[in-house]
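K.L.:
Got a structure for you, questions after.
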Amino acid sequence: MKNLQRKKSMSRIKKIIYGFLRILGHQEWIRYGIRDRILRMFCNPFKIDSQEFEIDFYGFRYKGNLNCYIDWVAYFYGAYEKQELRILKDLIKDKHNAVFIDVGANIGHHSLYMAQYCNEIHSFEPYSAVRDKLQEKITLNSISSITVHPVGLGDENKALDFYAPAGANTGTGSFVKEAASDNHELNQKLQVVEGDDYFYLEQIRSVSLIKIDVEGFEKYVLTGLKKQLSEHRPIVFMEFSAATKASFSGQDELKAMLPDGYTILSVKPTRNVFFFFRSNKYQFIPFGFDGCGESIVLMP
Numbered sequence: 338m339k340n341l342q343r344k345k346s347m348s349r350i351k352k353i354i355y356g357f358l359r360i361l362g363h364q365e366w367i368r369y370g371i372r373d374r375i376l377r378m379f380c381n382p383f384k385i386d387s388q389e390f391e392i393d394f395y396g397f398r399y400k401g402n403l404n405c406y407i408d409w410v411a412y413f414y415g416a417y418e419k420q421e422l423r424i425l426k427d428l429i430k431d432k433h434n435a436v437f438i439d440v441g442a443n444i445g446h447h448s449l450y451m452a453q454y455c456n457e458i459h460s461f462e463p464y465s466a467v468r469d470k471l472q473e474k475i476t477l478n479s480i481s482s483i484t485v486h487p488v489g490l491g492d493e494n495k496a497l498d499f500y501a502p503a504g505a506n507t508g509t510g511s512f513v514k515e516a517a518s519d520n521h522e523l524n525q526k527l528q529v530v531e532g533d534d535y536f537y538l539e540q541i542r543s544v545s546l547i548k549i550d551v552e553g554f555e556k557y558v559l560t561g562l563k564k565q566l567s568e569h570r571p572i573v574f575m576e577f578s579a580a581t582k583a584s585f586s587g588q589d590e591l592k593a594m595l596p597d598g599y600t601i602l603s604v605k606p607t608r609n610v611f612f613f614f615r616s617n618k619y620q621f622i623p624f625g626f627d628g629c630g631e632s633i634v635l636m637p
């Protein structure tokens, strides 16, 4: 009886602590590094046991587990890669009946957010362990505008080896072995489809915005979407990590993959102000292959 009471008491204390930590996490005027160090001190995302939660996520219901890093960030900060979400919203704001393509949808963070602003969303995720969580969110919120495609996008139709995340961060899975050192190879290959061919078969038309985050496989996604880029000229928001950069011989190869008239811009992230504070404003700046940030925008 005493042990049960002690557990209930500890649970109440933990809820109070987590409540304060959530308030701190949402204070975006405080530098991210400061908030993150404090949060990890009391609740390390890579050490916490399974703990399910449900929160409001921009008007949608969001169920997650604190032992998943993306969910952990959503719980304490309000959203994972919140600046990316703002950028995607800004890029789509002038598009009527917008069609959004989420390549590397993972557990559905970006797709769920963009369901507020887009008429049609196509989410591509070949890895079932995270894709199932995306589907759960769609079902939970009765969203009809999101179509989940259980394949990856690439430059040809084939089954490829997939290197799955080993820890709490479910966002590191990749078809590129070198993308993350602690990924492990699945005992089955996952299906990749050539983008233009698949879009034609599935009647995916008039694409407005494409987000690509596939841990170093971005080059092959772009290669498979040449016709789509040429005919519909969508905006592309793309991760440009070290693994992505390594797949290109240089800036000229990247430029050669794009139709005439496209401009490549780097995203200059939020900046720190003094010691404790930060500005939430981002900027698009000229692209430099050797000096760019982690995300780029291909602008028609």
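Under the numbering used here, the first residue of the sequence shown carries the number 338, and numbering increases by one thereafter. Heads up, the beta-carbon is just placed ideally off N, CA and C, and yes, glycines get one too.
Measure the C-alpha to C-alpha separation of GLU555 and LYS400 and round it to an integer number of angstroms.
P.N.:
If I take the Cα positions, the gap works out to 29 Å.
K.L.:
Buried or exposed: which applies to ARG343, given that a residue is buried once 16 or more other Cβ atoms fall within 10 Å of its Cβ?
P.N.:
For ARG343, the predicted model reports a pLDDT of 49, less than 50, meaning its position is unreliable and no value from the coordinates is stated.
K.L.:
Per DSSP, THR484 is paired with what?
P.N.:
DSSP, once it has assigned bridges, lists HIS459 as partnering THR484.
K.L.:
Since I believe LEU471 is in contact with GLU460 (beta carbons under 8 Å), could you give me their beta-carbon distance rounded to a whole number of angstroms?
P.N.:
Strictly speaking, residue 460 in this sequence is Ser, with Glu absent from that position. About 6 Å separates the two Cβ atoms, so the contact holds.
K.L.:
Between ALA583 and the rest of its own chain, which residues show a CB-CB distance below 8 Å, the 5 nearest in sequence each way excluded?
P.N.:
GLU515 and GLY553.
K.L.:
Taking 7 Å as the CB-CB cut-off, is ALA501 touching chain B?
P.N.:
Reference to chain B is not applicable here, since this structure consists of a single protein chain.
K.L.:
Quick check: the stretch 355-368 against the stretch 409-416, are there 3 or more CB pairs under 8 Å?
P.N.:
A contact exists between the stretch 355-368 and the stretch 409-416.
K.L.:
Could you tell me which of VAL467, VAL436, VAL530 and ASN524 sits nearest to ASP492, measuring between CA atoms?
P.N.:
Of VAL467, VAL436, VAL530 and ASN524, the residue nearest in Cα terms is VAL530.
K.L.:
Can you tell me the Cα-Cα spacing of PRO662 and GLN620, whole angstroms?
P.N.:
Coverage of the chain is limited to positions 338 through 637, which leaves residue 662 absent and any answer about it impossible.
K.L.:
Can you tell which of GLN388, ILE424 and LYS592 has the C-alpha that lies nearest to the C-alpha of TRP409?
P.N.:
Ranking GLN388, ILE424 and LYS592 by Cα distance to TRP409 puts GLN388 first.
K.L.:
By Cβ distance, which residues of its chain are closer than 8 Å to LEU376, with the 5 residues on each side in sequence left out?
P.N.:
Hits under 8 Å: LEU358, LEU361, GLY362 and PHE413.
K.L.:
Quick check: the stretch 432-449 against the stretch 539-554, are at least 3 beta-carbon pairs closer than 8 Å?
P.N.:
The stretch 539-554 vs the stretch 432-449: in contact.
K.L.:
Helix, strand or coil for MET576, going by three-state DSSP, please let me know.
P.N.:
This sequence places Glu at residue 576; Met is not what is there. Strand.
K.L.:
May I ask which residues mark the beginning and end of the alpha helix (DSSP H) holding GLN420?
P.N.:
Counting along the chain, the alpha helix (DSSP H) containing GLN420 begins and ends at 419-429.
K.L.:
Would you say the stretch 519-538 touches the stretch 391-399, given that touching needs at least three Cβ pairs under 8 Å?
P.N.:
Taking 8 Å as the limit for Cβ pairs, the verdict is that the stretch 391-399 does not touch the stretch 519-538.
K.L.:
With a 10 Å radius around its C-beta and 16 neighbouring C-beta atoms as the bar for buried, classify ILE562 as buried or exposed.
P.N.:
Correcting the residue identity first, residue 562 is Leu in this sequence and not Ile. Buried, by the Cβ-count rule.
K.L.:
Taking all protein chains shown into account, decide if ASP533 is buried (16 or more other Cβ within 10 angstroms of its Cβ) or exposed.
P.N.:
Result: buried.
K.L.:
Could you check how far apart the C-beta atoms of SER511 and PHE577 are, in whole angstroms? I think they sit under 8 Å.
P.N.:
With 8 Å as the limit, SER511 and PHE577 do not qualify as a contact, their Cβ atoms being about 15 Å apart.
K.L.:
Just verifying my parser: in three-state terms, what is the DSSP assignment at ARG343?
P.N.:
Annotation note: pLDDT 49 at ARG343 (below 50); position unreliable, no value reported.
K.L.:
Spatial neighbours of LYS430 within its chain, please: C-beta separation below 8 Å, excluding the five flanking residues on both sides.
P.N.:
Cβ neighbours of LYS430 beyond the five flanking positions: TYR454.
K.L.:
Taking SER586 as the reference, which of PHE626, PRO596 and VAL604 has the closest Cα?
P.N.:
The candidate whose alpha carbon is nearest that of SER586 is PHE626.
K.L.:
According to the Cβ coordinates, are ILE444 and SER482 closer than 7 Å?
P.N.:
Taking 7 Å as the Cβ cut-off, ILE444 and SER482 do not qualify as a contacting pair.
K.L.:
Is it true that the CB of ALA496 sits closer than 7 Å to the CB of GLN528?
P.N.:
Yes, the pair counts as a contact, with Cβ atoms nearer than the cut-off.
K.L.:
Are the beta-carbon atoms belonging to THR507 and ILE392 less than 7 Å from one another?
P.N.:
Taking 7 Å as the Cβ cut-off, THR507 and ILE392 do not qualify as a contacting pair.
K.L.:
Please say whether ALA503 and LEU523 have beta carbons closer to each other than 7 Å?
P.N.:
For LEU523 and ALA503, no; Cβs fall outside 7 Å.
K.L.:
Output the distance between the C-alpha atoms of GLU462 and SER448, rounded to the nearest integer angstrom.
P.N.:
Distance between the alpha carbons of GLU462 and SER448: 11 Å.
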